[in-house]
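Following the numbering used here, the numbering of the sequence shown begins with 171 at its first residue and continues without gaps. Glycine included, every Cβ here is placed at the ideal spot set by N, Cα and C.
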Amino acid sequence: MTVVGVVTGLEFEADVVRHHARFAGVADRIAVAAGLGRERARRSAEGLIAQGAGALLSFGIAGGLAPEIACETAVIATAIKAENMETIDCTPAWAARLAHALRSSSPVMRGDLAYAPVILLTSLDKNGTFAATDALAADMESYGVGEAALKAGLPFAAIRVVADTAGEQLPEIALHAIASDGSLKLAETLRRIMRSPGQIPGLIRLARSTARARRRLGRVAALSAPQAFFSEA
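Structural data, given as structure tokens:
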């Protein structure tokens, strides 16, 4: 029985996986770890492998890059691209199973994800990454998870739900709101809001779009966890 190691960047994403794994009765087949960024995600993935994981899945939210991609779109990755770095392919059969599981739950797109070393705040940032990679969306963890899978010779997949679109400007506070373990730095965020109240409207927009993406993640997990989270490759 294959145990799938699921790596997320944010703690709430990990909570979504755990909840739906329990609901689907497959909690014993899923091990979850959260950590922000490529290096922490890679280490988390290696830790899950050491615990017995036989396949790795990157799961969570992402920033849209392609102009046509909308908030709440679920991206099933074909590969993870990084500028001036090796492209890491996802396991085709596993990606196909995920797409089949989500066939009734639109919007869903299949295509590449890009690695972003930091949160992409501006449309200029996103346009630059899109031009370099032609990827649908970007996140900070999938590349690191893919590195661990590639090194260990394990199946690898990634599902990411778009939380902010290519043309959306994010508040600068977003760069400082998340701790390295994926939890919210509430006190730090509040201090920065007090110093820069002009960012409040942007934070409200971001909170709303993230809430929509979180609900969508739950629907994706509910459809995927019973069978398609698992790879027989």
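Relative to the C-alpha of residue 306, which residue among 284, 354 and 322 is closest? Sequence index remark: in the sequence shown, residue 306 carries index 136 (1-based). The shortest C-alpha separation from residue 306 is found at 284.
Which residues share a DSSP beta bridge with residue 205? The residue given as residue 205 occupies position 35 in the sequence shown. Under the DSSP definition of a beta bridge, residue 205 lacks any partner.
Pick out whichever of 389, 233 and 331 has its Cα sitting closest to the Cα of residue 295. One-based indexing of the sequence shown puts residue 295 at position 125. Per the Cα distances, 233.
Our contact map puts residue 175 next to residue 204 with C-beta atoms below 8 angstroms; I'd like the distance itself, whole angstroms only. As a working note, residue 175 is residue 5 in the sequence shown. As a working note, residue 204 is residue 34 in the sequence shown. With 8 angstroms as the limit, residue 175 and residue 204 do not qualify as a contact, their Cβ atoms being about 12 angstroms apart.
Which of the three DSSP states, helix, strand or coil, is assigned to residue 244? Counting from 1 along the sequence shown, the entry for residue 244 is found at position 74. Reduced to three states, the DSSP call for residue 244 is strand.
Give the DSSP bridge partners of residue 280, in chain order. Within the sequence shown, numbered from 1, the residue matching residue 280 stands at position 110. For residue 280, the pairing in a beta bridge is given by DSSP as 246.
Kindly indicate which three-state DSSP category residue 321 falls into: helix, strand or coil? Position 151 of the sequence shown, counting from 1, holds the residue named residue 321. Under the three-state reduction of DSSP, residue 321 is assigned to helix.
Which residue comes first and which comes last in the alpha helix (DSSP H) that contains residue 273? Your numbering for residue 273 matches position 103 in the sequence shown. First-last for residue 273: undefined, no H or E at that position.
Identify the continuous beta strand (DSSP E) that holds residue 363 and give its terminal residues. As a first step, residue 363 is located in the sequence shown; it is residue number 193 there, counting from the start. Run containing residue 363: none in the beta strand (DSSP E); it sits in the alpha helix (DSSP H), 356 to 365.
Kindly indicate which residue of 377, 241, 277 and 308 has the alpha-carbon position closest to the one of residue 333. Reading the sequence shown from its first residue, position 163 is the one you call residue 333. Per the Cα distances, 241.
Does DSSP classify residue 403 as helix, strand or coil? If you number the sequence shown from 1, residue 403 lands on position 233. Low per-residue confidence applies at residue 403: pLDDT is 48, beneath 50, and the placement is therefore not dependable, though the value from the model is reported in the following sentence. DSSP places residue 403 outside both helix and strand once states are collapsed to three, so it counts as coil.
I want to see whether chain C comes within less than 9 angstroms of residue 300, judged by CB atoms only; does it? The structure shown contains no chain C; it is built from a single protein chain.
With DSSP run on the structure shown, which of helix, strand or coil describes residue 261? Start at 1 with the first residue of the sequence shown, and residue 261 comes out as number 91. DSSP places residue 261 in coil when its eight states are reduced to three.
Rounded to a whole number of angstroms, what is the C-alpha to C-alpha distance between residue 387 and residue 281? Looking up residue 387 in the sequence shown gives position 217. Looking up residue 281 in the sequence shown gives position 111. Using only the alpha carbons, I get a separation of about 18 angstroms.
Is the CB-CB distance between residue 310 and residue 244 below 9 angstroms? Taking the sequence shown and counting its residues from 1, one reaches residue 310 at position 140. Taking the sequence shown and counting its residues from 1, one reaches residue 244 at position 74. One thing to note: residue 310 has its Cβ no nearer than 9 angstroms to the Cβ of residue 244.
Pairwise C-alpha distance: residue 201 and residue 193: Position 23 of the sequence shown holds residue 193. Position 31 of the sequence shown holds residue 201. Cα to Cα, residue 193 sits roughly 15 angstroms from residue 201.
Kindly indicate the opening and closing residues of the beta strand (DSSP E) around residue 332. Here residue 332 corresponds to residue number 162 of the sequence shown, with the count starting at 1. Bounds of the beta strand (DSSP E) holding residue 332 are 326 to 334.
N-terminal and C-terminal residue of the alpha helix (DSSP H) that residue 394 is part of: Here residue 394 corresponds to residue number 224 of the sequence shown, with the count starting at 1. Unbroken alpha helix (DSSP H) run through residue 394: 370 to 394.
Quick one: Cα of residue 270 to Cα of residue 395, how far? Counting from one through the sequence shown, the residue named residue 270 turns up at place 100. Counting from one through the sequence shown, the residue named residue 395 turns up at place 225. CA-to-CA, the gap between residue 270 and residue 395 works out to about 13 angstroms.
Residues sharing a beta bridge with residue 348, DSSP: Translated into positions along the sequence shown, residue 348 becomes position 178. DSSP, once it has assigned bridges, lists 354 as partnering residue 348.
Counting beta carbon pairs with one atom in the segment 249 to 262 and one in the segment 351 to 369, are three or more of them shorter than 8 angstroms? Taking 8 angstroms as the limit for Cβ pairs, the verdict is that the segment 249 to 262 does not touch the segment 351 to 369.
Supposed close pair residue 268, residue 246 - CB separation, criterion 8 angstroms: Looking up residue 268 in the sequence shown gives position 98. Looking up residue 246 in the sequence shown gives position 76. With 8 angstroms as the limit, residue 268 and residue 246 qualify as a contact, their Cβ atoms being about 5 angstroms apart.
Closer than 7 angstroms by C-beta to residue 391: which residues in its own chain qualify, once you throw out the five before and the five after it? Chain order, please. Counted from its first residue, the sequence shown places residue 391 at position 221. 186, 187 and 190.
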